[in-house]
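In UniProt numbering, the protein residues as written are 1 to 234. Even glycine gets a Cβ: it sits at the ideal position worked out from N, Cα and C.
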């Protein structure tokens with residue numbers, strides 16, 4: 001305190017720095033830092049938001065061999081798929097489509113019943129479902145049954161069946177026929193994506209990076225313009 005033009009001993013002058021405004025460069029860097037932090041946080045969250053459901057398991061398992069042809073096939077996904085758009089086409093070793101009825105969604109699984117006549121051999125399961133995020137995904141599973149069930153269940157021996165049996169359709173042709181069936185019954189507006197395909201996530205992340213970089217560049221441009229105007233006024 002000043003008394004009669006003199007500074008009294010013991011008086012101190014304290015400055016409350018919390019109320020002192022930051023100079024323009026400091027404010028500019030603070031705003032820029034906040035913008036960059038927000039952009040980075042958005043990019044870190046982007047992959048999780050862009051990820052689609054995937055096939056985790058199947059019964060019978062993909063590429064496995066079972067003793068008898070099953071009554072149904074089950075597909076287990078990472079999240080519960082939507083009821084709408086679920087399709088499963090099972091092709092028997094003789095080229096017949098033996099799916100019976102519509103697939104049923106039970107929790108995270110899609111279950112498809114099969115026809116009574118199920119011969120021995122390799123089966124192809126072509127599936128298409130709508131993932132929990134509303135995006136269609138599809139894939140293929142194969143398995144082999146050592147014994148069949150129904151009218152065509154007796155598997156002929158290799159010695160006697162070779163000359164008389166007609167050549168079984170190739171796996172490639174069976175898969176192509178099943179895929180055509182799926183395409184004919186699918187929604188025309190749906191753009192399917194393979195369950196093992198990660199390309200959509202990468203494309204989305206690229207867009208996120210582009211948007212974040214543009215936002216950071218715009219913020220930097222605004223700050224530079226403001227700095228130039230202040231320097232011109234000074």
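DSSP lists 128 as the beta-bridge partner residues of residue 87. About 11 Å separates the Cβ atoms of residue 125 and residue 97, ruling out a contact at the 8 Å cut-off. Here residue 136 is buried: its Cβ has 16 or more other Cβ atoms, across all protein chains shown, within 10 Å. If you draw a straight line from the Cα of residue 79 to the Cα of residue 139, it comes to about 16 Å.
Of 76, 132, 131 and 134, the smallest CA-CA separation from residue 112 is found for 76. Annotation for residue 145: the continuous beta strand (DSSP E) segment containing it runs 136-147. The C-alpha of residue 145 is placed about 12 Å away from the C-alpha of residue 61. Membership of residue 66 in the beta strand (DSSP E) is indicated by the continuous run 64-68. A distance below 7 Å separates the beta carbons of residue 117 and residue 150. For residue 104, the enclosing beta strand (DSSP E) begins and ends at 104-106. Under the DSSP assignment, residue 55 falls in the beta strand (DSSP E) whose first and last residues are 55-59. By a beta-carbon distance limit of 8 Å, residue 114 does not contact residue 130. Their separation comes to about 22 Å.
Residue 122 holds the alpha-carbon nearest to the alpha-carbon of residue 64 among 133, 122, 107 and 228.
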